[in-house]
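Visitor: Those protein sequence lines, which keep their order, are chains A and B.
Take any residue in the first sequence, count from 1 to its spot, add 712: that is its number in the numbering used here.
Take any residue in the second sequence, count from 1 to its spot, add 1142: that is its number in the numbering used here.
C-beta: ideal position from N, C-alpha, C; glycine also.
These figures come from a predicted structure and were not determined experimentally.
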Amino acid sequence: MSRGPGGGSLRLRLLAGTLVWVLLTVVVAGWALGRMFAEHVERQFQAELATHLNQLAAHLAIDADGRPGLGAALSDPRFARPYSGLYWQIDVLADAGAEGARGQGGDAVGRPGALRSRSLWDVVLAVPRDLPADGQLHAHDTEGPDGAPLRMIEQVLRPAERPDMALRVIVAANAALIAEPVARFQRLLAIALALLAAGLAVAALVQVRVGLRPLARLRDGLAAVREGRSGAIDGRFPAEIQPLVEEFNAVLARNAEVVARARTHAGNLAHAVKTPLTVLANAAAQTRDDAPEAALARLVRDQVALARTQVDYHLARSRAAAAVDVPGLRTPLRPVLEGLLRLMDKVHAGRGLVVRLCACPEELAFRGEAQDLQEMLGNLVDNACKWAAGRVEVRAARLDPGAAQPHPTAHPAGAAADPHGDGEPGARTPARLRILIDDDGPGLAADAREAVFGRGVRADERTPGSGLGLSIVRELARLYGGDARLEASPLGGLRAVLELPLAR
Amino acid sequence: MRILVVEDEPTLAAQLAATLGGAGYAVDTAANGRDAGYMGEVEAFDAVVLDLGLPIVDGLTVLKRWRALGRTMPVLILTARGDWHEKVAGIDAGADDYLTKPFHMEELLARVRALIRRAAGQASAEIACGPLVLDTRSGRVSVDGQPLSLTSHEFRVLAYLIHHAGEVVSRTELTEHIYAQDYDRDSNTIEVFVARLRKKLPPGLIETVRGLGYRLACPQ
């Protein structure tokens, strides 16, 4: 398929568009979902830490010495397992009963790690120094006892029993507890989205294929029209294409109509001109040779003959020229040949002429107009019958390119008697029709065979005819990309060879 | 021998009638398909020259109707279009030959004569009956090689008899084939023509079949 400007493949275009869109959507959706999930996990994690913190605060008790202690162990067993990743710690920030400690270091923290979970073992969590207001929850990312990143929350409390005492309650957990489910989720999400994208791509492919199928059908229909198998594009098409098809069919119909009208006009003109010509010629013919107006009569006769030739020639030519480029023309050969042979049988019945159709496969068809085919074959067959002594044979065959082009003849001698039939130079169009018309008449000398294709040239003036027949045959054949020539016939007379484009 | 000329162009019709009349045929003319159809149905013609492009009813339709009604007279069609399609259609409709306009009158005459001869089952251009010979190409009659001088009516009677040699031909049939339609017909005049012919021909050639008509008896 050739791609003109603005061309390209519609399928590719649709596919590319869909795929880009799918990819974009999937990537954005993946990113958003991942973010949402991570946020959710983090919030939940934070909430969990807060719960632990609240639990810790609830269990927190200050004994009589002002030392903090836990009323009960925390429910989560991970607090008891060393380096489990979940830790708590209580720092004593300020103690009215231990003023020295505060004054000593000038540090806000009086006794860090006053109470710690077992999971911390002997490590004391260092808290970044930001001194939040009492009761405020603060989150920090730090490093844990095993060096793993840690998420911690802290809250400064003042126990009701000892309002002068500030305790910092800390709960921390490995950040991996957040990262892990997020990573797992994102892996799954990626796989799921990839599957979705693949599924969408396949669906798009199928959709484009199915959606564009009518176009393939349209192409087949057009090919059928071009090859002459059909006169119009058949069948129903989707609503988007049907108007196109109808327009195209209308153009085809209009073409055919224009040709038909041109033909009718040509015919009418022929009728209108030829009847007066007949009258004129006959009037002139009745003039005696010794009459005073004999010269005028001869002039009239000659000019009438000339006019007739011109009218015939130009009518046939213009008709053919109009039809040559019309697509969708297909004329089965056999009925035309049979019709002509019926005509010849009847017309030459008195002479005992045997006119035979020796070979003509049913499926052979001419890619062109029926009347032009009749014009060519009619002239050739008529010519053969005019000159034949007693026998005319017609045969037709398909001529494939590149093949050795054997003559489809029942007489093997035919090939030998054929001086230049196979050597015709020039490009051969794909497949052709070859029609051979043989007669057993006197034939023509090799050098005269070309000459009779000239306009107005007649081999013999005795037999009626305008001398137009052969020239118009060749002209028509060539207009259609075929050819016509004369050869010696194995029957002894002349063989007319007509090659024409084949309709599939 | 009686011929129907169907042609809508009056000058050409007149020329055709003149040519055929001059060759010894009785000629009727029709200028449109309706009249032609009617004439061909009810009258007896030995041949018809039929133009295909006719007003009212076209030539092909007229011809098909004749054939459908069993009218078998030979028909020569005239076509101006020169389409082979039209010629084939004409032959398929029942025509026996065609001529493409413009044509020479001699050609037309030769075709008409050949058609009439063929319709009578005569292969040769010369029809012989014993010493009597009719050359259909020239329209000359000779006895033992000696040309015979005949009036046009005598010629028509003899030509019809010789085309139907050996058959009994009734007076009515002769009348139908000898006069054009607008002619004042009188079957008694047939007897006059036959009597004159008998004087010019060798005796016994024209037999009278009592109550039926005449027969040209050719000695073997």
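Return helix, strand or coil for A1156(B), following the three-state DSSP convention.
Guide: Look at A1156(B) here: in three-state DSSP terms it is helix.
Visitor: Shorter than 8 Å from the beta carbon of A667(A) to some beta carbon of chain B?
Guide: Absent from the model: residue 667(A). The displayed extent of chain A is 713 to 1216, so no value can be given.
Visitor: In this structure, does DSSP put M1215(B) in helix, strand or coil?
Guide: coil
Visitor: Determine whether the beta carbon atoms of M1143(B) and I1258(B) lie at a separation below 8 Å.
Guide: yes
Visitor: Using a Cβ cut-off of 7 Å, pull out every chain A residue sitting near R1260(B), in sequence order please.
Guide: Within chain A, the residues placing a beta-carbon under 7 Å from that of R1260(B) are A1061 and G1062, ordered along the chain.
Visitor: Indicate whether at least one CB of chain A lies closer than 8 Å to the CB of A1222(B).
Guide: Interface residue (Cβ-Cβ distance to chain A less than 8 Å): A1222(B) is classified as such.
Visitor: Counting along the chain, where does the beta strand (DSSP E) carrying Y1356(B) start and finish?
Guide: G1355 to L1358
Visitor: Mapping the DSSP letters down to three states, classify R1000(A) as helix, strand or coil.
Guide: Per DSSP, reduced to three states, the secondary structure at R1000(A) is coil, with no helix or strand assignment.
Visitor: I'd like to know if A1189(A) contacts chain B, where contact means its C-beta is closer than 8 Å to some C-beta of that chain.
Guide: With 8 Å as the cut-off, A1189(A) does not count as an interface residue toward chain B.
Visitor: Quick check on the DSSP output: the alpha helix (DSSP H) that includes M1143(B) runs from which residue to which?
Guide: Looking at the DSSP string, M1143(B) is not in any alpha helix (DSSP H), and its letter there is neither H nor E.
Visitor: Could you say if the segment 847-854 of chain A and the segment 729-749 of chain A meet the contact criterion of at least three C-beta pairs nearer than 8 Å?
Guide: no
Visitor: Can you pull out the residues from the segment 1222-1239 of chain B whose beta carbon lies closer than 9 Å to at least one beta carbon of chain A?
Guide: A1222, R1223, G1224, D1225, W1226, H1227, E1228, K1229, V1230, A1231, G1232, I1233, D1234, A1237, D1238 and D1239
Visitor: Run the CB neighbour count on E1105(A), radius 10 Å, all protein chains shown included, and call it buried at 16 or more, exposed below.
Guide: buried
Visitor: May I have the straight-line CA-CA distance separating W1099(A) from M1056(A), to the nearest angstrom?
Guide: 12 Å
Visitor: State yes or no: is the beta carbon of Q1157(B) nearer than 8 Å to at least one beta carbon in chain A?
Guide: It does: the Cβ of Q1157(B) has a partner Cβ on chain A nearer than 8 Å.
Visitor: If the cut is a Cβ gap below 9 Å, which residues of chain A does E1151(B) touch?
Guide: T987, P988, T990 and V991
Visitor: Mind pulling the chain A residues with CB within less than 7 Å of G1195(B)?
Guide: H983
Visitor: Anything in chain A within Cβ reach of A1301(B), meaning under 8 Å, just list it in chain order.
Guide: Neighbours of A1301(B) on chain A: none; closest Cβ ~18 Å, over 8 Å.
Visitor: In this structure, what does DSSP give as the bridge partners for I865(A)?
Guide: A851(A) and V883(A), per the DSSP bridge assignment.
Visitor: Our contact map puts L1053(A) next to V1066(A) with C-beta atoms below 8 Å; I'd like the distance itself, whole angstroms only.
Guide: Incorrect: roughly 11 Å between the Cβ atoms, too far for contact.
Visitor: Can you tell me where the beta strand (DSSP E) holding D1150(A) begins and where it ends?
Guide: R1144 to D1151 is the extent of the beta strand (DSSP E) around D1150(A).
Visitor: To the nearest angstrom, report how far apart T1331(B) and A1262(B) are at their CA atoms.
Guide: Between T1331(B) and A1262(B), the C-alpha separation is close to 25 Å.
Visitor: Suppose the cutoff is 6 Å on Cβ atoms and the five residues either side in sequence are ignored; what does the same chain contact list for G933(A) look like?
Guide: I945
Visitor: Would T990(A) be called buried (16 or more neighbouring beta carbons within 10 Å of its own) or exposed?
Guide: buried
Visitor: Is the Cβ of R973(A) closer than 8 Å to any Cβ of chain B?
Guide: no
Visitor: Under the assumption that R1144(A) contacts L1214(A) (Cβ atoms under 8 Å), give the Cβ distance between them as a whole number of angstroms.
Guide: Their Cβ separation, rounded to whole angstroms, is 5 Å, which keeps R1144(A) and L1214(A) in contact under 8 Å.
Visitor: Residues of chain A with CB under 7 Å from K1206(B), in chain order?
Guide: What K1206(B) touches in chain A: nothing, since even the nearest Cβ is about 15 Å away.
Visitor: Figure out for me which residue from G742(A), L1203(A) and M864(A) has the closest Cα to the Cα of L900(A).
Guide: Nearest C-alpha to L900(A): G742(A).
Visitor: Could you give the DSSP three-state label for W1226(B): helix, strand or coil?
Guide: helix
Visitor: For S1284(B), write down the residues that DSSP places opposite it in a beta bridge.
Guide: V1275(B) and P1289(B)
Visitor: What residues from chain B crowd round P1087(A), counting only those whose CB sits closer than 8 Å?
Guide: Note that residue 1087(A) is Glu in the sequence shown here, rather than Pro. Within chain B, the residues near E1087(A) are D1225 and W1226.
Visitor: Going straight from the alpha carbon of L724(A) to that of F1078(A), what length do you get?
Guide: So the two alpha carbons sit approximately 39 Å from each other.
Visitor: For the alpha helix (DSSP H) containing V1185(A), name the first residue and the last one.
Guide: Note, V1185(A): alpha helix (DSSP H), G1181 to L1191.
Visitor: Sorted by chain position, which residues of the same chain lie with C-beta nearer than 6 Å to Q898(A)'s C-beta, five sequence neighbours on each side aside?
Guide: Within the same chain, and ignoring the five residues on either side of Q898(A) in sequence, the residues whose Cβ sits closer than 6 Å to its Cβ are G746.
Visitor: Quick check on R1020(A) - is its C-beta less than 8 Å from some C-beta in chain B?
Guide: yes
Visitor: Which residues does DSSP list as the beta-bridge partners of L1220(B)?
Guide: D1193(B) and L1241(B)
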